[in-house]
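Protein chains: 2
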Amino acid sequence: MNLRQLSEELGLSQTTVSRALNGYPEVNEATRQRVQAAAAAYNYRPSQRAKSLATGQSMQIGHVIPFSTQHEMVNVIFSDFIAGAGESYAKHGYDMLLSVVNDDQEMHAYSELARKGSVDGVIVHGPTRDDPRISLLQELKIPFFVHGRSTDASASYNCLDVNNKRAFQRATDFLLDLGHTRIGLINGLERMDFAQRRRAGYEAALRARGLSVDPKIMHSDEMTEPYGHSATCALLDLEDPPTAVLASSIVPALGVRRAVEERGLTVGKDVSIICFDDAISYMPNGKGEPIFTATRSSVRDAGRRCAELLIGLIQNPDQAPVAELWEAELVVGQSTGPAPQKG
Amino acid sequence: MNLRQLSEELGLSQTTVSRALNGYPEVNEATRQRVQAAAAAYNYRPSQRAKSLATGQSMQIGHVIPFSTQHEMVNVIFSDFIAGAGESYAKHGYDMLLSVVNDDQEMHAYSELARKGSVDGVIVHGPTRDDPRISLLQELKIPFFVHGRSTDASASYNCLDVNNKRAFQRATDFLLDLGHTRIGLINGLERMDFAQRRRAGYEAALRARGLSVDPKIMHSDEMTEPYGHSATCALLDLEDPPTAVLASSIVPALGVRRAVEERGLTVGKDVSIICFDDAISYMPNGKGEPIFTATRSSVRDAGRRCAELLIGLIQNPDQAPVAELWEAELVVGQSTGPAPQKG
DNA sequence: AATCACTTCCAAAGCGCTTTGGATAGACGC
DNA sequence: GCGTCTATCCAAAGCGCTTTGGAAGTGATT
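So the sequence lines, in the order shown, correspond to chains A and B. Letter by letter, the first sequence follows residues -11 to 331 of our numbering. Letter by letter, the second sequence follows residues -11 to 331 of our numbering.
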């Protein structure tokens, strides 16, 4: 059943039927009722394809997901971000278009989406320092929204980020206050903007107390469980092992805990752990008292909000630029305690 | 730049340009070269919207993701399935359309996608016993593919599943062979088809050895880390606690391990653990020797294959029904050992 | 009774592509 | 030189919707 058939069935023009269904005022209320009833009876849905072509809007928002064996970072938090964004999309009648591409084709994927006109806007995930995607999207003249920030980006852009520097500065301060002076950092990949900011916060806190920054106890890699484990093993094998560890996500933090416990040490006593907790739904940080002391900010909420803001941007392109900065909360759990007294 | 403009620029008809670009034979090779060169020069991409309308194909495949606080199961394995499916889609020129909806609107979401014509086919995730989506999709006459199976489904369908029963039967046998006679089950939600099959395998193995099935040591819930933890606590609090546990995913297995270690018990010695390992990319089961003894089957591979098969179905609708059944491999890791001698 | 303003509807022109059904021209055989 | 074939190209008709620019009808106003 298409619009023409429906209008013939009703003895009305396509114009009137279209207007009746789309809530335009130029149609008698009685007629509108009749049209809506018929549409419901025949289970009529306008073809999205035709609608897109006519309106010039696809009502779809694109996400480009690069895949490779190296680069799984997106995955960890991705599903929750998507869930949040998807909620917002659904609320506004948008759908989500995912384009999974090889790492080296990411830029190309964005231009394809834009030029083919299959999306009305895109979300940029995991920005790096001076991310090239930002200027590309600006050239392509397609609305886009960055989840995170891109230090030194030449072009301007709309974004939402967590105050990563502040979060890790506070976490480090918290450990310093507990008497820890040797604190390991198990960071994400340094090319990620958020990882650089977190390290900056960590270093700033140390320097503020006159402590030196020791590269030997700073790691950076894809945030997997085994990475957390092996990095921690390396830390604990040092002559002067750290008494506390800062992990960039709950996933490597699980590996940290495994490494600590394997050695018969106790988390929160021999070794304190603080992690960044994205509040991933299936990996909550405990039920009551958190397992890990953590800097917490829900990535699902971020997804919801990014989507909301992007839709606003699409519907009102001349809007003033948006740059939201969320503060992570510091929640105290079981994984931290005072620095052990030196033997 | 659209087709008309490009054809005017070239002094050719739209027909010829279209045919040249789409590889039809009715065009001189020299002309084709000229057209392709011009298209490249102007960075021309045909509008996907117009193309869809003209061809009747959207070149998009739909996934409906229900969200709610109860029901996070999809998330755990979802991102990896998506990554795999996305690879296949990309290879064949398809995109992925995600529709995130409230739990109770899932059925509706499928009919919308089908009737609006925004997708050429859909993937069904996490089927339950006699899943109503299957008959719905059959009515809607849209190609679909089920990841998993639906026992008692009234309608016929194409699917790919892991032999869940066999996997858990083998895992249980493995534990029985090690001398364990009291084995806890930490299963997924029982309304999921895979959970029922896994339980069936577990029970079959026990009964084959004349052992009784004890509901007191069988749990079923959303597969989160805290669930694994609390279920294990409950098991270990029993008068006659199990010496081994079977977990339905690596995520609750992490909670199992936490609960075991919290009590000062040793995994693989005091308590053995086997889990189902979906080979989630960011949560690999160790690097060398697996952390957990597990029944393993890559959900990413499954995604890849499901997508491949669905595309085949779309391009050739009269094809014979497909029903692939994959055997999980049983990999032995550090989490299992002989049953402890009773004190 | 003529004018005006509204309300309600419609015919038709896109949106940018694909595809059908020729048209044209050169090659070929006789 | 004529008919036939093939290679190459084109005009135009969709695909199913939205939207522009009226037209017809209705009632109020003058």
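Note that CB positions come from ideal geometry on N, CA and C, so glycine has one too.
- In this structure, DSSP gives Asn175/B an extended state, which the three-state scheme calls strand.
- About 6 Å separates the Cβ atoms of Met84/B and His51/B, confirming a contact at the 8 Å cut-off.
- When the beta-carbon positions are compared, Val134/A and Ser46/A stay at least 9 Å from each other.
- The DSSP-derived three-state label of Gln307/B is coil.
- Rounded to whole angstroms, Ala97/A and Gly44/A show a C-alpha spacing of 20 Å.
- Within the DSSP secondary-structure output, Glu317/A pairs in a beta bridge with Arg284/A.
- Non-local C-beta neighbours of Leu(-9)/A in its own chain, meaning closer than 7 Å and more than five positions away in sequence, comprise Gln2, Val5, Ser6, Pro34, ordered along the chain.
- The beta carbon of Arg251/B sits closer than 7 Å to the beta carbons of Leu224 from its chain, once the five residues preceding and following it are set aside; these are given in chain order.
- With a 10 Å radius around the Cβ and a threshold of 16 neighbouring Cβ atoms, Asp68/A comes out buried.
- For Val88/A, the closest Cβ of chain B is nearer than 9 Å.
- Here the stretch 110 to 124 of chain B makes no contact with the stretch 261 to 275 of chain B; the two share fewer than three CB pairs at distances below 8 Å.
- Annotated three-state conformation of Ser218/B is helix, per DSSP.
- Across the structure, Ile268/B and Ile238/B are spaced so that their CA atoms are roughly 9 Å apart.
- A distance below 6 Å between beta-carbons, with the five flanking residues on each side excluded, links Ser218/B to no residue of its chain.
- Neighbours of Asp83/B in chain A, taken as residues at a C-beta separation under 8 Å, are given in chain order as Leu85, Leu86, Ser87, Ser106.
- Using a CB distance cut-off of 9 Å, Glu178/B does not count as an interface residue toward chain A.
- Classified as exposed, Asn90/A has fewer than 16 neighbouring CB atoms from the shown chains inside 10 Å of its CB.
- Against chain A, the beta carbon of Val259/B has no neighbour under 8 Å; the closest one sits roughly 14 Å away.
- Near chain A, meaning a CB-to-CB distance below 7 Å, the residues of the stretch 222 to 246 of chain B are Val239, Leu242.
- Within the stretch 267 to 294 of chain B, Ser269, Tyr270, Met271, Pro272, Gly274, Lys275 place their CB atoms closer than 7 Å to a CB of chain A, listed in sequence order.
- Within chain B, the residues whose beta carbon sits less than 7 Å from that of Leu41/A are Arg37, Ala38, Leu41, listed in sequence order.
- Look at Val239/A here: in three-state DSSP terms it is helix.
- Judged by DSSP in its simplified three-state form, Ser35/A adopts coil rather than helix or strand.
- Burial check for Lys129/A: the Cβ neighbour count within 10 Å stays below 16, so the residue is exposed.
- For Asp181/B, the number of other beta carbons within 10 angstroms of its own is at least 16, and it is reported as buried.
- Under the Cβ criterion of 9 Å, Tyr98/B is not counted among the residues facing chain A.
- Not flagged as an interface residue toward chain B: Glu191/A, since no C-beta distance is shorter than 9 Å.
- Between Gly109/B and Ile171/B, the CB-CB gap reaches or exceeds 9 Å.
- Around the CB of Val23/A, 16 or more other CB atoms lie within 10 Å, so the residue is classed as buried.
- Contact check for Val255/B and Arg245/B: beta-carbon distance about 6 Å, within the 8 Å limit, so the pair qualifies.
- In this structure, the straight-line span from the alpha carbon of Glu94/A to that of Lys79/B is close to 14 Å.
- By the beta-carbon neighbour count (other beta carbons within 10 angstroms, threshold 16), Gly81/A is exposed.
- In the structure shown, the three-state DSSP call for Met47/A is coil.
- Taking 7 Å as the cut-off between beta carbons, the residues of the stretch 44 to 56 of chain B near chain A are Ser46, Ile53, Phe55, in sequence order.
- With the rule of 3 Cβ pairs closer than 8 Å, the stretch 190 to 201 of chain B counts as touching the stretch 160 to 170 of chain B.
- Pairing Gln184/A with Glu178/A, the inter-Cα distance amounts to about 6 Å.
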